[in-house]
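Numbering-wise, full-length UniProt numbering puts 79 at position 79 of the sequence shown, and it's gapless, one number per residue.
Take a look at the structure set out below.
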Amino acid sequence: MQDPTRFSDSENWFGGFYELAIKIGDTSDERLQVALSALWRAAAIEGCYGRNDLEPNEQDEVPCTVSALAEFGHLRGTVTLPTGQRVVCGCLAIREDDGADWLDFYLPMGALERVDERIGGFPFDESSGEASLTWRHSVDNWLASIGTSIFHEVQFRLGLIGFETYGDVEACQLNGAAPEERWMGYLMPTDGGLRFDPANR
Numbered sequence: 001m002q003d004p005t006r007f008s009d010s011e012n013w014f015g016g017f018y019e020l021a022i023k024i025g026d027t028s029d030e031r032l033q034v035a036l037s038a039l040w041r042a043a044a045i046e047g048c049y050g051r052n053d054l055e056p057n058e059q060d061e062v063p064c065t066v067s068a069l070a071e072f073g074h075l076r077g078t079v080t081l082p083t084g085q086r087v088v089c090g091c092l093a094i095r096e097d098d099g100a101d102w103l104d105f106y107l108p109m110g111a112l113e114r115v116d117e118r119i120g121g122f123p124f125d126e127s128s129g130e131a132s133l134t135w136r137h138s139v140d141n142w143l144a145s146i147g148t149s150i151f152h153e154v155q156f157r158l159g160l161i162g163f164e165t166y167g168d169v170e171a172c173q174l175n176g177a178a179p180e181e182r183w184m185g186y187l188m189p190t191d192g193g194l195r196f197d198p199a200n201r
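Below you can see the structure in the form of C-alpha cells.
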C-alpha cells in the first residue's frame, strides 16, 4: 500500500506544493524564528528532519531553527489533515534580495493525491476549477487557522493559500482588499486583526 507519510518515497514529494506562503516582512532572523516555531506548534507537525531520502527512524531529528532551515534548505515532518489522515509536509524560507522574508509551509501534491482521490491532477486537470473547492475548502480553512495562530505571535504582511502561491501577488498590489475572483486564499492584516478571504475559483 502506498504510504503518504513515507519520506523516502519520492512520489510523495512530486506534483508541486499546496501551501501557506507567509510574507513576514523585512529580513529578521528573530521574527522568522518566532514564525517557524509558531508554525510547528499550530500545525502540530510531528518531527523535524532535514532529509527526505531517509525515513525519520534512519536520521537524527534536527532543531526547528532558522539555522537548521538555512543548513538543509527545507525542514520536513508529517502532519494530520482535517480529514484525520497523515501526510508528509515541509517548510522553507525565501529571503528575498530586497530584504523581505517569506515562510512557506507546504503539503506535497503527491502525498495529498494518495489520501483524497478528488484531488486527481490538480491544478492541471479539468476538475481543477470550482469543482476542486469541494476538497480545498477544508484544507484552506485549516491552513488559514494555522496562519492566524502564527499572526498572533508575529504579525505579517500577507498570507497566500493554494497551489504554489509564493510570489503570485504582493501586498502592495492589493491595496488592502483581495480580488473578487480568487484562485487562492488571502490572509490580510486589518485593524487589529487578520481577515481570511477564501478561494472561490
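We put the beta carbon where it would ideally sit given N, CA and C, even for glycine.
Since we're looking at a predicted model, the values are computed, not measured.
- For residue 65, which of 74, 57, 58 and 59 has the nearest alpha-carbon? Here residue 65 is taken as the residue at index 65 of the sequence shown, counted from 1. Comparing Cα positions, the closest option is 74.
- Item | Cβ-Cβ distance between residue 199 and residue 188 below 9 angstroms | As a position in the sequence shown, residue 199 is number 199, starting the count at 1. As a position in the sequence shown, residue 188 is number 188, starting the count at 1. No, the Cβ-Cβ distance between residue 199 and residue 188 is not below 9 angstroms.
- Item | Stretch-stretch touch, CB-based, cutoff 8 angstroms, three pairs: the segment 88 to 107 with the segment 18 to 35 | yes
- Task: Any chance you could list the beta strand (DSSP E) runs of at least 3 consecutive residues sitting entirely within the segment 65 to 131, in chain order?
- Result: 75 to 80, 86 to 95 and 100 to 108
- Could you spell out where the alpha helix (DSSP H) holding residue 21 opens and where it closes? For this step, residue 21 is matched to residue 21 along the sequence shown. First-last for residue 21: 17 to 26, but that is the beta strand (DSSP E), not the alpha helix (DSSP H).
- CA nearest to the CA of residue 154, picked from 10, 14 and 38: Position 154 of the sequence shown, counted from the start, is the residue given in the question as residue 154. Checked all of 10, 14 and 38; the closest Cα to residue 154 is 38.
- To the nearest angstrom, report how far apart residue 194 and residue 151 are at their CA atoms. By one-based count along the sequence shown, residue 194 stands at place 194. By one-based count along the sequence shown, residue 151 stands at place 151. Approximately 8 angstroms between the Cα atoms of the pair.
- Item | Inter-residue Cα distance where the pair is residue 27 and residue 165 | Translated into positions along the sequence shown, residue 27 becomes position 27. Translated into positions along the sequence shown, residue 165 becomes position 165. If you take the alpha carbons of residue 27 and residue 165, they lie about 20 angstroms apart.
- Task: Starting from the C-beta of residue 2, find all residues in its chain whose C-beta is less than 7 angstroms away, skip the five residues before and the five after it, and write them out in chain order.
- Result: Residue 2 sits at position 2 when you count from the first residue of the sequence shown. Around residue 2: 114.
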